[in-house]
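In the order they appear, the protein sequences are chains C and D. If you read the first sequence in my numbering, its first letter stands for residue 1, the second for the next number, and so on. If you read the second sequence in my numbering, its first letter stands for residue 1001, the second for the next number, and so on. Note sheet for the following structure.
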Amino acid sequence: MDAAIALTSAVALVGRFPVLAGVDLAMPKGSVTTVLGANGAGKTSLLRLLAGLQRLDSGSARVLGVDLARPERSYRRRVGLLAHDPGLYEDLTPQENLDFALHAVRLPVTATLPSLMRCGISGRLLNTPVKHLSQGQRRRVGLAKLLARRPELWLLDEPHASLDATTRILVGELVEEAASGGAMVVTTSHEPEYSVPMADLVVTMGGGVVIASERGGRHAS
Amino acid sequence: MLRDARLIAARDLRIEMRSKVATWQVLPFAFLSLILFAFAIGPDPTLLKQTSPGLFWLSLLFASVLGTQRSLSIEGDGATREATRLLGIDPAGIFLGKTIALLIELAALEIVLLGGVLVFFHTQVSNWPLLISSLILAPIGLASASVIYGSVTTGLRSTATLLPLLVLPVLAPLLIAGARCFSVATGSRGNSAEWLGILAVFAGIYVLLGIVLYGPLEES
């Protein structure tokens, strides 16, 4: 299979500190990869690099056919990132937040309501400003935003954190649906019991480099 | 670019309509500044009338700093700004959208302040076309320069104090030209075309600068 993500000796600096110190990684289209590692191992930096938010300082990185040394702005529309903080506008409702995102990426807003409902945001929550939602509800709105956008590359930073059991199952379902539909999914996790079974590839990072990789539960099944 | 600008302007105005920060904090601040200036000058109608152009523009500039800070806070913290960057919105569209939203809020400020000047400073307008032209041109420069310098200070811990320090000196030509136009429009003698020209050039330069520079500033 052709690698849709191909990183070779990828180095990214924050100031003078190498948050990524030479990452080699290849992931095929339609695959799910889970990145494990201690705090500061470089997991989030890897996601930010893949999202085009972290500059590549040396090495090479090609994602979805785009050279991340010179990513075009339109590349970001093909990528969805669910960070620890889902980055929603506090004074807007979940529905308005999703409508805004869909307008921005030139997609019809018809996906807003079904996506929010799927993620358990319904009834009065639809029209409640995000600032009044709980942390878990915000994460669900962030998930719904990804679901509505249907990006080609899903980047999930600890997607199971702050979620109840039902929503954790939903995360697994959405990841499987995305990968089955041809999207690539990369997640970081401190909870391998949830993330390893849904992954094709499990990568362990330490000190800004990949120190181990093995097959995950999805491939085995 | 224009499509993105419309999207951003609609978002900013929607958030303002809901939070009403400009309505209940920035507008009263501007009006209060004007009234306090009047108290400080005293009851002499001639002196009040003579100082009204400068005080109108000073009140507008000070209030615009608050309005800019509110406009920046709409972009949210680092996570929200990154989420917005990931939508691939044209940075020039973001700049124009934020400038348009701020411009609409400044127009509301101008109306309130103008009412205050006419009532409390015994000022009478003799040249409405000149006054209206200056009140349209000056806020374009004011809003665009404020959005540019606001983006420079975004993310810094000292944004609240740094923004006025950076932007107010830059706005000095606008203050002078705006006050001169106001002065001529309320009966003083002077070359209004020259001052209007300065306002137009200032607006043009900062709109162009914003379109070109906003992207690199946001990325950095």
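For each residue, glycine too, the CB sits at the ideal point set by N, CA and C.
Quickly, what does DSSP pair residue i with across the bridge? List them, please.
| i | result |
| --- | --- |
| residue 214(C) | 202(C) |
| residue 185(C) | 32(C), 154(C) |
| residue 5(C) | 27(C), 63(C) |
| residue 14(C) | 17(C) |
| residue 209(C) | 206(C) |
Can you tell me which of the options puts its alpha carbon nearest to the alpha carbon of residue i?
| i | options | result |
| --- | --- | --- |
| residue 1207(D) | 1070(D), 1041(D), 1144(D), 1030(D) | 1144(D) |
| residue 1077(D) | 1151(D), 1213(D), 1004(D), 1201(D) | 1151(D) |
| residue 11(C) | 26(C), 194(C), 49(C), 38(C) | 49(C) |
| residue 1116(D) | 1170(D), 1032(D), 1065(D) | 1032(D) |
| residue 191(C) | 13(C), 39(C), 174(C) | 39(C) |
| residue 119(C) | 198(C), 167(C), 134(C), 185(C) | 167(C) |
| residue 108(C) | 140(C), 205(C), 150(C), 93(C) | 150(C) |
| residue 1011(D) | 1024(D), 1075(D), 1091(D), 1134(D) | 1075(D) |
| residue 46(C) | 218(C), 6(C), 77(C) | 6(C) |
| residue 1168(D) | 1141(D), 1194(D), 1154(D), 1192(D) | 1141(D) |
| residue 1217(D) | 1149(D), 1089(D), 1013(D) | 1149(D) |
| residue 215(C) | 9(C), 204(C), 53(C) | 204(C) |
| residue 35(C) | 202(C), 17(C), 75(C), 52(C) | 202(C) |
| residue 1086(D) | 94(C), 93(C), 102(C), 91(C) | 102(C) |
| residue 223(C) | 80(C), 158(C), 124(C) | Examination of residue 223(C) is not possible in this model, given that chain C is present from 1 through 221 alone. |
I need the straight-line Cα distance from residue i to residue j, nearest angstrom please.
| i | j | result |
| --- | --- | --- |
| residue 1288(D) | residue 43(C) | Outside the shown range of chain D (1001 to 1220) lies residue 1288(D), about which nothing can therefore be said. |
| residue 33(C) | residue 1139(D) | 51 Å |
| residue 1184(D) | residue 148(C) | 56 Å |
| residue 1201(D) | residue 61(C) | 44 Å |
| residue 1026(D) | residue 1161(D) | 17 Å |
| residue 65(C) | residue 106(C) | 21 Å |
| residue 144(C) | residue 3(C) | 28 Å |
| residue 1175(D) | residue 1093(D) | 27 Å |
| residue 1129(D) | residue 1136(D) | 11 Å |
| residue 1069(D) | residue 177(C) | 42 Å |
| residue 1102(D) | residue 1067(D) | 7 Å |
| residue 1122(D) | residue 1182(D) | 14 Å |
| residue 1111(D) | residue 1105(D) | 10 Å |
| residue 1046(D) | residue 1177(D) | 22 Å |
| residue 152(C) | residue 28(C) | 12 Å |
| residue 1203(D) | residue 1098(D) | 15 Å |
Which residues mark the beginning and the end of the alpha helix (DSSP H) in which residue i is found?
| i | result |
| --- | --- |
| residue 1187(D) | Counting along the chain, residue 1187(D) falls outside any alpha helix (DSSP H), and DSSP gives it neither H nor E. |
| residue 55(C) | Where residue 55(C) is concerned, there is no enclosing alpha helix (DSSP H), given that its DSSP letter is neither H nor E. |
| residue 1197(D) | 1192-1219 |
| residue 1128(D) | 1128-1153 |
| residue 1041(D) | 1027-1041 |
| residue 1078(D) | 1078-1085 |
| residue 1017(D) | 1002-1019 |
| residue 163(C) | First-last for residue 163(C): undefined, no H or E at that position. |
| residue 1050(D) | 1045-1074 |
| residue 1115(D) | 1091-1120 |
| residue 192(C) | 192-195 |
Any heavy atom of the ligand MN within a distance shorter than 6 Å of the CB on residue i?
| i | result |
| --- | --- |
| residue 128(C) | You won't find the ligand MN in this model; it holds no ligand whatsoever. |
Quick one: complete beta strand (DSSP E) runs, 3+ long, within the region 61-137 of chain C? Every beta strand (DSSP E) of 3 residues or more that sits fully in the region 61-137 of chain C is shown, in chain order, as 79-82.
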